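Undergrad: First the structure, then my questions, so here it is.
Below is the structure:
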C-alpha cells in the first residue's frame, strides 16, 4: 500500500486498496476452490479448470462480442456482464453435475472426463467464432482471453466480495464434512455422510468461486495447483480448518508480493500471470512424474 506512494493519499488509498482487495479476493477464490476440488476427487493433481471453466469463460466472452459487436460489448454495463458470465458458468456447471450424479460413484470420474471433453469443445467453438469475426472484435476478445493482474476489474468488487464472504462462511461451517470427504467415498459413507449430496453441494460452491475469480481477472489454469502443492507440502494435515487458511495465505502472498515486484521493482517489464502459469505448469509436470515413479 505504501511502496513508492508519491502523491495524494486520497487517490492512492482507494486505488491501491481496491487493487489489494481484488488480489486477495482472487487468491481466496482460486486457492479454496482448488483445495475443495482436490478433496472431493481425492486427487491432488486435478483442479477445477479440468472441468473447462476457463474455456467456458472465453466462449461466453467470444459469443457476447460476436452477437453484440465490439462497441456494444465495450459499452455494456459492468454489472450486467459480470452476472451474465457468472450465471452462464453456474448454469452450465449445475446442468453437468445434475446429469452425471444420478448413478454410481464412477460418475465422478466420468464427470472429470466429460469436463476435459467439454474443454476441448469450448476451445474449438471459441477458435471457430474468432476466425469469423472482424479484427476489431477479435482484439476485444483477445483482451479478455488471458489473466490480467495489472488491470483488475475493481468495479466488480461490489458484487464479488459479498459472494466470496457468504461462500467462505458456508465452507467454514462445513469444514468438518470436508475432513470426512478427504478419507474417500467408502469411509465417508461408513461414517454416516450423505456422499452424493455433499459432493454436489461443494461442487456448486466450487463453481461459484471459480466463476467469480475468472470474471475478475480472467482464466488462470495452474495457479491453484501451485498453491495447493505448496500448501500440502508445508501443512502436513488433513484438517481443512488449517488447509484452507494456509492455502489462502500462500495465494495472497504470492499474488500481492508478485504484483509489487513486477510493478515497483521491474517497472511492469513482465507479466505476473505468465510467471505464475509457468511455475504452475512445472509443478503439474513434477506431480505427474512423481506419481508415475511411484
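Residue numbers (our numbering): 219 to 512.
Virtual Cβ for every residue (Gly too), placed ideally from N, Cα, C.
This one's a predicted model, so the numbers in the text were calculated from it and none came from an experiment.
Which residues bound the alpha helix (DSSP H) around residue 393?
TA: That run of the alpha helix (DSSP H) goes 393 to 399.
Undergrad: I'd like the list of long-range same chain contacts for residue 255, defined as Cβ closer than 6 Å, with 5 residues on each side in sequence excluded.
TA: Excluding sequence neighbours, residue 255 sits near 266, 424.
Undergrad: Round the Cβ separation of residue 355 and residue 285 to the nearest angstrom and send it over; I've been treating them as touching at under 8 Å.
TA: That belief does not hold up - the Cβ atoms of residue 355 and residue 285 are roughly 10 Å apart, past 8 Å.
Undergrad: Kindly confirm or deny that the stretch 234 to 251 and the stretch 456 to 468 touch, where touching means at least three C-beta pairs closer than 8 Å.
TA: Yes, the stretch 234 to 251 is in contact with the stretch 456 to 468.
Undergrad: Let's test the definition: count the other Cβ atoms within 10 Å of the Cβ of residue 237 and tell me whether it reaches 16, buried, or not, exposed.
TA: It is buried - the Cβ of residue 237 has at least 16 other Cβ atoms within 10 Å.
Undergrad: Can you give the Cα-Cα distance for residue 276 and residue 402, rounded to whole angstroms?
TA: For residue 276 and residue 402, the distance between alpha carbons rounds to 34 Å.
Undergrad: Grab the span of the alpha helix (DSSP H) containing residue 476 for me, first residue to last.
TA: Counting along the chain, the alpha helix (DSSP H) containing residue 476 begins and ends at 458 to 478.
Undergrad: Since residue 291 is in the alpha helix (DSSP H), which residue starts that stretch and which ends it?
TA: That run of the alpha helix (DSSP H) goes 288 to 293.
Undergrad: Once DSSP output is grouped into helix, strand and coil, what is the label at residue 440?
TA: Residue state, collapsed to three classes: coil.
Undergrad: DSSP state of residue 265, grouped into three classes?
TA: Reduced to three states, the DSSP call for residue 265 is coil.
Undergrad: What is the DSSP secondary structure of residue 455, counted as helix, strand or coil?
TA: Of the three classes helix, strand and coil, the one that applies to residue 455 here is coil, per DSSP.
Undergrad: Does the distance from the C-beta atom of residue 164 to that of residue 263 stay below 7 Å?
TA: No information on residue 164 is available, as it lies outside the stretch 219 to 512 that the chain covers here.
Undergrad: On the premise that residue 274 lies in contact with residue 340, defined as a C-beta separation below 8 Å, what is that separation, rounded to the nearest angstrom?
TA: Sure, about 5 Å apart at Cβ, within 8 Å.
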